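J.: One structure is given below, represented as structure tokens, and several questions about it will come after.
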């Protein structure tokens, strides 16, 4: 027995996607019921039977109904009937919906969790109604008790034909810890999949399955990026080779590593904001205020020298060296006290000092000159020492091998080579002159 009312089906989305493992698909179905007759149709009951191919959880569907044009006197109660296993309108007792020509009812079934099978899903609609117009303007009577007019509609459920959900299991990687990243995606198994790395190299990770059937699968592939990298998923056929689908995903590295260096005008710290700026001459280090900063290293090796105003030890009281135009100054502490230079050997062309202290021997290979206020007072040569000033000896003078004192009017010689002491000049003695003759008791005084 054909239905009196006209039924059309609208879905959202237009093609209901079947659910996939771990990714349920949710959609909505709307049944538009309309009176296309020239006369009114009296609707006593209306129910919709949903097959398991559409959803296995009809009790979770949000059901409602609207009538057009709106009728404040008619309130439709459309919901799931767990006893009869159908969606139906629950009218009050002896209630009949009078649908004038052109009136319509929209049965809404929303938030449907679509089943995971592809193909058709059927809706069987049953109505108990009367009226309308038939050939010869004969009014169609209501069906016998317990009987209904029915109509069946089909919905198409589709499965994805392209890959989707290409993503990494983590978007941040620690390259120093040799962490791997797993790339994941879902798609049909009738495609071949490649992963293209940032350098353009492609690796085939899965080959298309043979046969007419298509199965939705989840795929994984591991990579080990050392820096931020964008990976491309390519999907297509091999015979002929055709890459028809492209998806990209990006992984970031906490500490990026570059094989060929990087170019940037400056690098700045995240907390203290110290900055290294790259100039034409090299690198400049500045603090967070933009003034010259401090470089702290365990050891620095320089190939072509170092230019700086001063060099200081690690602590405030350590020694430091400044570089005036005349050479270097050695200090210690912040008070600029003169410091001490210790060296195994010092090779100097000239030494200017207020006080010099030599812990060991002083060896002068090329001779030594001593001057005072520009006047030379002492000079050493290969075989002699020449004094240009008075010699004031506070203790004894020991001369081994003899000695000669020469002045303008004579000489005084003493030593074994002279057979004793020879005086070739006048001798003046202010005091006693004693001459013992071997016996200390016999002394002659002159």
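In our numbering, the protein residues as written are 0 to 445.
Beta carbons: idealized from backbone N, C-alpha and C, even for Gly.
Given the structure is predicted, the values throughout are model-derived calculations rather than measurements.
Consult DSSP for residue 228 and reduce its assignment to one of helix, strand or coil.
T.: Here residue 228 sits in strand by DSSP.
J.: Under 8 Å, with one C-beta from each stretch per pair, do the stretch 194-206 and the stretch 147-166 reach the 3-pair mark?
T.: no
J.: Quick one: using the 10 Å Cβ neighbour count with 16 as the cut-off for buried, is residue 87 buried or exposed?
T.: buried
J.: Secondary structure at residue 343, three-state DSSP: helix, strand or coil?
T.: coil
J.: Just to confirm the assignment, what range does the beta strand (DSSP E) spanning residue 64 have?
T.: 61-67
J.: For residue 374, does the three-state DSSP call read helix, strand or coil?
T.: The three-state secondary structure of residue 374, taken from DSSP, is strand.
J.: Should residue 27 and residue 107 be called a contact, given that it needs their Cβ atoms to be closer than 9 Å?
T.: yes
J.: Please report how far the alpha carbon of residue 396 lies from the alpha carbon of residue 294, in whole angstroms.
T.: 59 Å
J.: Assuming contact is defined by CB atoms lying nearer than 9 Å, are residue 83 and residue 120 in contact in what I supplied?
T.: The answer is no: Cβ separation not under 9 Å.
J.: So what does DSSP say about residue 198, is it helix, strand or coil?
T.: In the displayed model, residue 198 falls within coil according to three-state DSSP, outside both helix and strand.
J.: Only counting runs of 3 or more residues, tell me where the beta strand (DSSP E) segments fall wholly within the stretch 97-136, in order along the chain.
T.: The stretch 97-136 contains these whole beta strand (DSSP E) runs: 103-113, 118-133.
J.: Using CA atoms only, rank isn't needed, just tell me which of 208, 268, 189 is closest to residue 244.
T.: 189
J.: How is residue 174 classed by DSSP in three states: helix, strand or coil?
T.: Looking at residue 174 - three-state DSSP - the assignment turns out to be helix.
J.: Roughly how many whole angstroms lie between the Cα atoms of residue 271 and residue 265?
T.: Their Cα atoms are separated by approximately 15 Å.
J.: Kindly list the residues whose CB is nearer than 6 Å to the CB of residue 89, restricted to its own chain and excluding five residues on each side of it in sequence; keep chain order.
T.: 76
J.: Mind checking whether residue 187 and residue 227 have CB atoms under 9 Å apart?
T.: no
J.: Can you tell me whether DSSP reads residue 463 as helix, strand or coil?
T.: This structure gives no information on residue 463, because the portion of the chain shown stretches from 0 to 445.
J.: Do you know how far the Cα of residue 111 is from the Cα of residue 482?
T.: Residue 482 lies beyond the stretch modelled for the chain, which goes from 0 to 445, so this question has no answer here.
J.: Just confirm the distance between the C-beta atoms of residue 225 and residue 252, as a whole number of angstroms; I'd bet it's less than 8 Å.
T.: Rounded, the Cβ-Cβ distance is 6 Å, consistent with contact.
J.: Answer yes if the stretch 90-105 comes into contact with the stretch 62-73, meaning at least three C-beta pairs across the two stretches below 8 Å, and no otherwise.
T.: yes
J.: I'd like to check one pair, residue 218 with residue 274: are the Cβ atoms closer than 9 Å?
T.: no
J.: What number of angstroms, rounded off, separates the C-alpha of residue 299 from the C-alpha of residue 313?
T.: 14 Å
J.: What is the C-beta distance between residue 113 and residue 16, in whole angstroms, given that I count them as a contact (C-beta under 8 Å)?
T.: Separation of the CB atoms of residue 113 and residue 16 is rounded to 7 Å, and the pair is thereby assigned contact status at 8 Å.
J.: Hey, how far is the Cα of residue 310 from the Cα of residue 276?
T.: CA-CA distance, residue 310 to residue 276, rounds to 22 Å.
J.: Here's a check: name, in chain order, each residue in its chain whose Cβ is nearer than 6 Å to the Cβ of residue 7, leaving out the five neighbours to either side.
T.: 31
J.: Hey, how far is the Cα of residue 330 from the Cα of residue 347?
T.: 20 Å
J.: Let me know the beta strand (DSSP E) ranges lying completely inside the stretch 283-368, each 3 residues or longer, listed in chain order.
T.: Within the stretch 283-368, the complete beta strand (DSSP E) runs of at least 3 residues fall at 309-311, 318-321, 328-331.
J.: Across the stretch 33-46 and the stretch 122-130, are there enough close Cβ pairs to call them in contact, namely three or more that are closer than 8 Å?
T.: With the cut-off at 8 Å, the stretch 33-46 and the stretch 122-130 touch.
J.: On a Cα-Cα basis, can you pick out the residue from 118, 221, 150 that is closest to residue 167?
T.: Among 118, 221, 150, the Cα nearest to that of residue 167 is on 221.
J.: Cα-Cα, which of 85, 66, 37 is closest to residue 60?
T.: 85
J.: So for residue 453, helix, strand or coil by DSSP?
T.: Within the shown structure, residues of the chain are numbered from 0 to 445, placing residue 453 beyond reach of any answer.
J.: Do residue 179 and residue 149 come within 9 Å of each other at the CB atom, strictly closer than that value?
T.: no
J.: Of all the options 215, 211, 249, 235, which has the alpha carbon lying nearest to the alpha carbon of residue 229?
T.: Here the closest residue by C-alpha is 249.
J.: Below 9 Å between beta carbons: does that hold for residue 215 and residue 288?
T.: In this structure, the beta-carbon distance from residue 215 to residue 288 does not fall below 9 Å.
J.: Return the first residue and the last residue of the beta strand (DSSP E) that residue 148 is part of.
T.: 148-157
J.: Where do the N-terminal and C-terminal ends of the beta strand (DSSP E) with residue 386 fall, by residue?
T.: 384-386
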